[in-house]
Each structure stands twice: as C-alpha cells, then as structure tokens.
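Report on the structure given below.
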Amino acid sequence: SDVMRLGVVLRHGGLYADVDFECLRPLDDLLCRFSFVSGLSNVGAFELNNGIFAASAGHPLLGFLCERVGRPWPEWGGEDVDPREAVAHQLERSGVLRGPLAPPGHAHFLATTGPGFFTRGIMRFLGTDEARLQGLAPLAICPKEFFYPLPN
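Using the numbering used here, you'd call the opening residue of the sequence shown number 1371 and step up by one each time.
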C-alpha cells in the first residue's frame, strides 16, 4: 500500500490517510494553501509520516518518490549515504557478498517503501536542487502534534 498511495495521489491529487486516522478538524485551509502537506511522526525520531499526506496532482515531489520507490538508498542517496552502507551495497551488487548483510525483513520495507523511504526521499528532494523548487507552490511539514494530538 505504500507504493499505491504515492501513485494514486501523484495521478489524481488529494489526501491520503490510513484508516486509523480520525479527522478532528477541517483540513481545507491547509490543503488550499500548500501543494504538498505531510507531518512529523510521533515515533520519537525524525520521521515524516506517510500514513497521512496530501499533494496536488502531478506534484514533482511525488514523481521524485515514485521514480525511487523500492530502490536501495545507496543507489540514489548521493553524498547522504553512509560510506559503509555504499561499500556493502556495491559488494552485494558485484556478487562478492552472497545476499545482503542483514536479512530483509520489516526494516527493509520501511527503508525502501515506507516511512523511512518517505522521509529520506522528501529530504533529498528538498535539499538537492534549488532549481527544482523554483515556481513550486509552498510545501508544509506539520509538527507531530498536528496529526497526532493524542499520545499513542
């Protein structure tokens, strides 16, 4: 579902929300003012939440994410990739290592399609190319209290 939500909102625009979110107030003003809206998660670390977000149809940020979803971070993270991770990835791709250093599990999906990917992708999009942001309507990253007013 992580991949599907990106593609649907990229194509049609609008708001995606996981079924466990409850709307406590209208979001219309926020959605009219910003071309992309997301928020910080309440997981105790810096993470942007892919469980609720909104974007205009064809938004370049979602296009950027869709082009990279499912690809390992070392292939597109540039200078933000830890050198040890980059070397391990190259060794694995070259066949020197048989299989990944760590077995793919839940963390693998979080990093390549889920909130880890979503966070890295957005930060990479915002930080790599000033020209890409020219003419783009404002984006909003809301504090965690906005989408998580109640503790878990």
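Glycine residues also receive a C-beta, built at the ideal position from the N, C-alpha and C atoms.
Minimum C-alpha distance to residue i - residue among the options
{"i": "Thr1524", "options": "Gly1428, Leu1418, Pro1519, Ala1427", "result": "A question about residue 1524 goes unanswered here, because the residues of the chain that appear run from 1371 up to 1522."}
{"i": "Arg1403", "options": "Val1389, Gly1377, Phe1517, Ala1425", "result": "Ala1425"}
{"i": "Phe1434", "options": "Val1373, Phe1517, Pro1521, Arg1395", "result": "Val1373"}
{"i": "Pro1521", "options": "Val1389, Ser1411, Val1379", "result": "Ser1411"}
{"i": "Arg1441", "options": "Asn1420, His1429, Gly1486, His1382", "result": "Gly1486"}
{"i": "Val1378", "options": "Leu1400, Leu1401, Leu1432, Ala1415", "result": "Leu1432"}
{"i": "Pro1513", "options": "Arg1490, Phe1423, Asp1390", "result": "Phe1423"}
8 Å Cβ cutoff met for residue i and residue j
{"i": "Leu1506", "j": "Ser1405", "result": "yes"}
{"i": "Arg1494", "j": "Gly1447", "result": "yes"}
{"i": "Gly1421", "j": "Asp1398", "result": "no"}
{"i": "Trp1443", "j": "Arg1395", "result": "no"}
Boundaries of the alpha helix (DSSP H) in which residue i is found, first to last residue
{"i": "Gly1377", "result": "1372-1382"}
{"i": "Leu1401", "result": "1398-1403"}
Residue range of the unbroken beta strand (DSSP E) whose run includes residue i
{"i": "Phe1516", "result": "Per DSSP, Phe1516 belongs to no beta strand (DSSP E); it is in the alpha helix (DSSP H), 1514-1517."}
{"i": "Val1407", "result": "1406-1409"}
Alpha-carbon to alpha-carbon, residue j and residue i
{"i": "Arg1438", "j": "Cys1393", "result": "30 Å"}
{"i": "Val1413", "j": "Glu1515", "result": "12 Å"}
{"i": "Arg1375", "j": "Glu1445", "result": "23 Å"}
{"i": "Gln1504", "j": "Glu1462", "result": "38 Å"}
{"i": "Ser1371", "j": "Gly1384", "result": "16 Å"}
{"i": "Ala1415", "j": "Ala1427", "result": "30 Å"}
{"i": "Phe1517", "j": "Phe1488", "result": "16 Å"}
{"i": "Pro1519", "j": "Asp1390", "result": "14 Å"}
{"i": "His1429", "j": "Leu1509", "result": "11 Å"}
{"i": "Leu1496", "j": "Leu1401", "result": "19 Å"}
{"i": "Cys1436", "j": "Ile1492", "result": "11 Å"}
{"i": "Tyr1386", "j": "Ile1511", "result": "15 Å"}
Residue i CB to nearest heavy atom of the ligand SAM below 7 Å
{"i": "Asp1372", "result": "Looking for the ligand SAM in the displayed structure turns up nothing, as the structure carries no ligands at all."}
Runs of alpha helix (DSSP H) wholly within the stretch 1420-1445 (minimum 4 residues, chain order) = 1430-1438
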